[in-house]
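Undergrad: In the numbering used here, the protein residues as written are 6 to 291. Don't be surprised by glycine CBs; every beta carbon is placed ideally from N, CA and C. Model, not experiment: these values are computed from the prediction.
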Ligand SMILES: [Ca+2]
Ligand SMILES: [Ca+2]
């Protein structure tokens, strides 16, 4: 008699609840790191600068006049009608210092307008591919435009630098903390917003936050809080994935004058946590 043995076993089916994305810091510039010298441009392997002092300059400043963070900060000025200044960072592998690009990132920075003059062009605080040109509307995925006249706009969309989807006034000498979340995937991505609340980035989209900030005594704080702009439509980031490789700031090669303070520039890679669950099925027979 033939004996048949069938044994089925579900050995493990363990699932845990969603615990939020994980963050890996790819870039952190407080301008207090080693290698930064007050009165000189900042230093970092992935940094690309353009400046021609004194009309255009990117300069590490000491803590005595820091309105936007702690310790040193950086001042970007552009008083030229024909030249520009830029401070852009390629994202690098922390070990090999080779270029790296990501599909989902969070970009944080603080800024403050130090002069407010006439209406005109704007500094682009934008995101592009590695070695892309943030000054080119066709190459950046989105940007916050920092105008010299006390306003900002947020542009997102695929064509020519996108469409203006948000505008607000900014105050002279006041400080703002910005968080941009970018999703270059063809699928939505859950993330935890700056208030600690679960949120979702649709496929190919960007979310912009300007948070409450508390910078201590004698420092101006502008209270906004909450989600200011959200580009939920597909196409905010152009085709392909893994294309987020550069962030930075660039002023225009026209006038009028700009003078902005920046500090605490940070880029983090966002990843879904590994799913700690497996399902195994065994069939044994003879
Ligand atoms: Ca600092
Ligand atoms: Ca200029």
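Under a Cβ-count criterion, where at least 16 other Cβ atoms within 10 Å of its own Cβ denotes burial, should residue 58 be classed as buried or exposed?
TA: By the neighbour-count rule (16 or more Cβ atoms within 10 Å), residue 58 is not buried but exposed.
Undergrad: Beta-carbon separation of residue 47 and residue 56 under 8 Å?
TA: no
Undergrad: Assuming residue 246 and residue 206 are in contact, meaning their beta carbons sit under 8 Å apart, how far apart are those beta carbons, in whole angstroms?
TA: The pair is not a contact, with the Cβ atoms about 13 Å apart (cut-off 8 Å).
Undergrad: At what residues does the beta strand (DSSP E) containing residue 32 begin and finish?
TA: 27–34
Undergrad: Which one or two residues does DSSP pair with residue 277 in a beta bridge?
TA: Per DSSP, none; premise fails for residue 277.
Undergrad: Throw me the rounded Cβ distance for the residue 183 and residue 149 pair, which I believe falls under 8 Å.
TA: Right, the Cβ-Cβ distance comes to about 7 Å (below 8 Å), so this counts as a contact.
Undergrad: Is the CB of residue 258 under 8 Å away from at least one CB in chain C?
TA: The displayed structure is made up of one protein chain only, and chain C is not part of it.
Undergrad: State the beta-bridge partners of residue 196 as determined by DSSP.
TA: 204
Undergrad: Go ahead and pull the three-state DSSP assignment for residue 70.
TA: helix
Undergrad: So does the region 141–161 actually touch the region 28–39, counting three or more Cβ pairs closer than 8 Å?
TA: no
Undergrad: Please work out which residues of its chain come closer than 6 Å, Cβ to Cβ, to residue 271, disregarding the five sequence neighbours upstream and downstream, and give them in chain order.
TA: 33 and 113
Undergrad: For residue 93 versus residue 253, is the C-beta spacing smaller than 8 Å?
TA: yes
Undergrad: Quick one: Cα of residue 78 to Cα of residue 60, how far?
TA: 19 Å
Undergrad: Considering only the alpha carbon of each residue, which of 178, 97 and 131 lies closest to residue 74?
TA: 178
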